[in-house]
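> Order-wise, the sequence lines are chains F and A. Under our numbering, the first residue of the first sequence carries the number 858, and numbering increases by one thereafter. Under our numbering, the first residue of the second sequence carries the number 290, and numbering increases by one thereafter. The structure under discussion is supplied below as structure tokens; questions concerning it will follow.
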Amino acid sequence: MKKYRTHLLVCAGTGCVSCNSFKIKEALEQEVQKRNLQNEVLVIATGCNGFCERGPILLVQPEGIFYQQLKVEDVPRLVEEHLLKGRPVKKLMYIPPSEKEPIPKMKDIEFFKHQRLIVLRNRGRIDPEKVEEYIAFDGYEAMAKALTKMTPEEIISEISASGLRGRGGAGFPTGKKWDVCRKEKKTPKYLICNGDEGDPGAFMDRSLLEADPHAVLEGMVIGAKAIGAEKGFIYIRHEYPLALQRMEIAILQAKEYGLLGKNILDTGFNFDIEVVQGAGAFVSGEETALIASVEGRIATPRQRPPYPAQKGYMGMPTVINNVETWGTVPNIIRRGAAWFAGLGTETSKGTKIFSLVGKINNTGLVEVPMGITLRDIVYGIGGGIPDGRKFKAVQIGGPSGGCLPSSKLDLPIDYESLTAAGSMMGSGGMIVMDEKTCMVDIAKYFLNFLRDESCGKCVSCREGTQRMWEIVKRITEGKGKQSDLALLEELATATMDASMCGLGQTAANPVLSTLRYFKREFEIHIKEKRCPAGVCLALIQYEVIPDRCTGCLACKTSCPQDAIRGTLKDVHLIDQEKCIKCGACYEACKFEAIETERDPAIRIVERAR
Amino acid sequence: MITFKMNNLDVTAEDGWTILDTARFFGLEIPTLCYNEGLTPWGGCRLCLVEIGEAPKTKLVTACTYPAQEGLVVHTDTKRVIKTRRMMIELMLSTAPMSKEIQDLASKFGVTQQRFEPRNEECVYCGLCIRMCDEQMDARAIGFQNRGFKRKIGTPFNIQSEECRLCGACMYICPACSARCGGPNADTDICNACLTMEPTCLDEYDELQCWMYDAGRCGTCVQEKGK
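Here it is, written out as structure tokens:
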């Protein structure tokens, strides 16, 4: 095998690809060729590094130098300085928001420092389109162990002993699910990998499928041996073209190497996997709806029991697990249940991947041990809130999760504590909100998503989410009534109680959790007809604060409606008749002289003057 | 044979029975709308909700789809069930206020307020017509379109279906679009013309105390307790 002195690892996750990382890879290859370094330097496209906000990312190994936000123009200089002259380019390194000096090495960056990579262990270091690279990092070792040295019962007891719980959100013990399916007498049995990730702002599954597709395949073969299945499906939504493409390549390569298909590793065990493309409905992530979709019917959930482990695909026993769960399985088999059970908390073991988005400095994907506090994630890994604003809430668990306020920042993250606090683990989306976020508006946003994504079968969910959205919308428009809050609570409870599947049963969470922690904000919208965060358009008014205005004309020139009056060095005024509340003046003003929300008392005094 | 408890009574069910089948066999009334004996259970109207499990871990499930299981504990008329059921009727009433069947349900179960803006869709998406067309008429001419609040029922591409024989079975079975309520102001409000408002033992107990649903509002038990 040819050896290289330096490896250039270009991140090729969807985030970086959308910032042209393939072009950067091409440019790097050309430049390396031009400088006659092709025998010393190898350029590789890897899976997602997780620090998507800083993309495109380039990691130079073996030094571990981390370059970020690269442009094609930077490439010649980078190759010349770093690879020829041995001087890493400081200008392209990461500078934390609060500091001035760049941090050259990846392992020293706060974002990466606190993470514990188990499922994502191969992210950013292997080429996901080459099975050889996966094998080089102990890939398929666990599968070989499971197929040659372990009985199905031993595999299941190992998984049970590890305490692994489903990573799709509900947290059902994986070993127990497999055991139920194993004991069913009907055959054939099936396996399904649930990659229908639909939460807004969540991309854990996509990232894993793109960065390490073979880990998911390996987990599935181990599961197949445990329950005695010969056929499996990987359900990936069509919005993930790169994940679909890489999974297809991975399956082809695995089959070529005898790691999948007939007579795997010469053990006589057969297992085949087929990729199924989802059409992009959030509800397809619900297991019975997903099975219906794989069967070719409308994705509508059905009553459980019977559970899919008893009666699933085509009425046959089927184990269905999330992408992340399958990705965890090989690690447990390879390193042992005791090691895995040593991570995390009493009831929640191992690590969990979260996608950290919203008003936070370090946006991206993080894998952390269970039991870590929200504060560690938001302020440690996430680097706090941008622009020195205050933390207001964090929304965990996707649209049906709940918003937790700052008083819950020290909550250790596990399945039980999140549920008790009125949120849920969900698949791991984490949306951070700052003080400029209106919680009523957030509730409206998630209800709008849910009313659109509800399958429409149950009256409670279809009409419940629609009517809740109508009420909350009315409140944001300043037409709220005092009785609305009680009605909202009653309707939310009924929706939660009466719905059949997980979508409806949790659809009330955005309402109930915001009502629980931010009731005052709802009341201000209803009683005082104002929006403290300055978000709800019908309830705000942009005004110039005379003391701060320097008369620079910046707001006036930015206004698309010509609604601002005033001349140079004169205090400006906003004509409320013409104003469409677009916020352009607010953005343009450098002196914070334009405000949306002011103490009503002051306004009255000013008018009296 | 499956043995379980329903409203504190020991009941036995045949294999394959649902909670609803068992309840009907023993003469316990559970209201339904999207259920029809000749069609597969759907579980969409959420009227046949019952509470299963033992406190504090109980949950509501639809009796028409939930299979009878050994050792199950079922309560058909708890406060939680009735409160939720009333909300379901209120929600359906807000989409199809003209439906006689839903207006009757409202009166029977004491729904006296409708707090949402009426939409007059004349459809509650119970799917009876679709299942009728598929399972009894073997035509599959109509089906659901879209999802969530945009859900509609119609033929593919909304054009006359070649499969449709114009048999009218869909209209025959529809609870919302065919039989209109003739009560006063039915299109704007709840009719409640046939409502009997008497005290119910729910004011006194956590669960209805009698086995015939209507008798629940006769008030006898409450009056006797008051004596």
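Backbone N, C-alpha and C fix where the C-beta goes; we use that ideal spot for every residue, glycine too.
If you pair each beta-carbon of the stretch 1055-1072 of chain F with each one of the stretch 1095-1108 of chain F, do three or more pairs fall below 8 Å?
They touch, by the three-pair rule.
> Would Ile1461/F pass as an interface residue toward chain A - the criterion being a Cβ-Cβ separation below 8 Å?
With a pLDDT of 48 at Ile1461/F, under the threshold of 50, the modelled position of that residue is not reliable, and the figure given next carries that caveat. By this cut-off, Ile1461/F is not an interface position.
> Per DSSP, His864/F is paired with what?
Answer is Leu899/F and Gln918/F.
> Taking a Cβ distance cut-off of 9 Å, strictly less, list which residues of the stretch 1296-1329 of chain F are near chain A, in chain order.
Leu1307, Arg1308, Asp1309, Glu1310, Ser1311, Cys1312, Gly1313, Lys1314, Cys1315, Val1316, Ser1317, Cys1318, Arg1319, Glu1320, Gly1321, Thr1322, Gln1323, Arg1324, Trp1326, Glu1327 and Ile1328
> Note down the Cα distance separating Asp304/A from Glu359/A, rounded to an integer number of angstroms.
10 Å
> I believe Met1287/F touches Phe1211/F by the beta-carbon criterion, under 8 Å. Please report the beta-carbon distance rounded to the nearest angstrom.
5 Å
> State whether the stretch 1362-1371 of chain F contacts the stretch 386-403 of chain A, with contact taken as three or more CB pairs (one from each stretch) at a distance under 8 Å.
no
> Taking just the CA atoms, how far does Lys962/F sit from Ser1284/F?
31 Å
> From the DSSP output, in three-state form, read off Lys514/A for me.
Low confidence applies here, because Lys514/A scores a pLDDT of 48, under 50, leaving its location unreliable; read the following figure in that light. Looking at Lys514/A - three-state DSSP - the assignment turns out to be helix.
> Once you ignore the five residues that flank Asp1341/F on each side, which residues in its own chain have a CB closer than 8 Å to its CB?
Ile1328, Arg1331, Ile1332 and Ile1383
> Quick check for students: name the residue ranges of the alpha helix (DSSP H) that lie wholly in the stretch 1367-1427 of chain F, counting only runs of 4 or more.
1376-1380 and 1411-1415
> Taking 6 Å as the limit between beta carbons, can you name the residues of its chain near Val1133/F, skipping five residues before and five after?
Beyond the five residues adjoining it in sequence on each side, Val1133/F comes within less than 6 Å, by CB distance, of Phe1090, Tyr1092 and Val1151 in the same chain, given in chain order.
> Taking 8 Å as the CB-CB limit, is Cys412/A close to chain F?
Output row for Cys412/A: interface = no.
> At a cut of 8 Å, does the stretch 918-931 of chain F reach the stretch 945-953 of chain F through at least three beta carbon pairs?
yes
> Is it the case that the stretch 1445-1452 of chain F contacts the stretch 1406-1414 of chain F, given that we only count it when at least three CB pairs across the two stretches are under 8 Å?
Flag = yes, the stretch 1406-1414 of chain F and the stretch 1445-1452 of chain F touch.
> Assuming Thr286/A and Glu340/A form a contact by the criterion Cβ under 8 Å, report the distance between their Cβ atoms to the nearest whole angstrom.
There is no way to answer for residue 286/A, as the model of chain A reaches only from 290 to 516.
> Taking only beta-carbon positions, decide if Thr354/A is within less than 8 Å of chain F.
yes
> I'd like to know if Arg420/A contacts chain F, where contact means its C-beta is closer than 8 Å to some C-beta of that chain.
no
> Using three-state DSSP, classify Thr351/A as helix, strand or coil.
When secondary structure is reduced to three states using DSSP, Thr351/A falls in the strand class.
> I need the straight-line Cα distance from Gly515/A to Glu493/A, nearest angstrom please.
In this predicted model, Gly515/A has a pLDDT of only 45, less than 50, meaning its place in the structure is not dependable; the value taken from the coordinates is given anyway. Roughly 10 Å between the two C-alpha positions.
> Which residues in the same chain have their Cβ closer than 6 Å to the Cβ of Gln825/F, if we skip the five residues on either side of it in sequence?
Here chain F comprises residues numbered 858 to 1466, so residue 825/F is not present and cannot be evaluated.
> Check Arg1192/F in the structure and name its three-state DSSP category.
helix
> For chain F, find out if any of its Cβ atoms is closer than 8 Å to the Cβ of Phe293/A; answer yes or no.
no
> Compare the C-beta of Gly305/A against all C-beta atoms of chain F and say whether one is closer than 8 Å.
no
> Out of Glu1292/F, Thr1322/F, Leu1200/F and Glu1400/F, point me to the one whose CA is closest to Phe1306/F's CA.
Thr1322/F
> Could you compute how far the alpha carbon of Ser396/A sits from the alpha carbon of Asn409/A?
19 Å
> With 8 Å set as the bound, which would you pick, yes or no: does the beta-carbon of Phe405/A sit closer than that to a beta-carbon of chain F?
yes
> Check Gly1259/F in the structure and name its three-state DSSP category.
DSSP, reduced to helix, strand and coil, places Gly1259/F within a strand of the structure shown.
> Per DSSP, Leu941/F forms a beta bridge with which residues?
The partner list for Leu941/F (beta bridge, DSSP) is empty, contrary to what the question assumes.
> Quick one: list the residues of chain A neighbouring Thr1053/F, beta-carbon separation under 9 Å, in chain order.
The sequence given here has Asp at residue 1053/F, not Thr. Chain A residues near Asp1053/F: none, gap ~14 Å exceeds 9 Å.
> So the candidates are Gly1279/F, Glu1452/F, Val1214/F and Gly904/F; which of them puts its Cα closest to the Cα of Ser1257/F?
Gly1279/F
> Looking at Lys1209/F: is its Cβ nearer than 8 Å to the Cβ of Arg978/F?
Contact check for Lys1209/F against Arg978/F fails: the beta carbons are separated by 8 Å or more.
> Here's the rule: buried if 16 or more other CB atoms are within 10 angstroms of the residue's CB, otherwise exposed. What is Gln449/A?
exposed
> Let me know the secondary structure DSSP gives Leu298/A once reduced to three states.
strand
> Can you give me the C-alpha to C-alpha distance between Leu361/A and Ile378/A, rounded to a whole angstrom?
Here the C-alpha atom of Leu361/A lies approximately 27 Å from the C-alpha atom of Ile378/A.
> Enumerate in chain order the residues of its own chain whose CB-to-CB distance from Val1401/F is below 7 Å, with the five nearest sequence positions on each side excluded.
Val1428, His1429, Leu1430, Ile1431, Ala1450 and Ile1451
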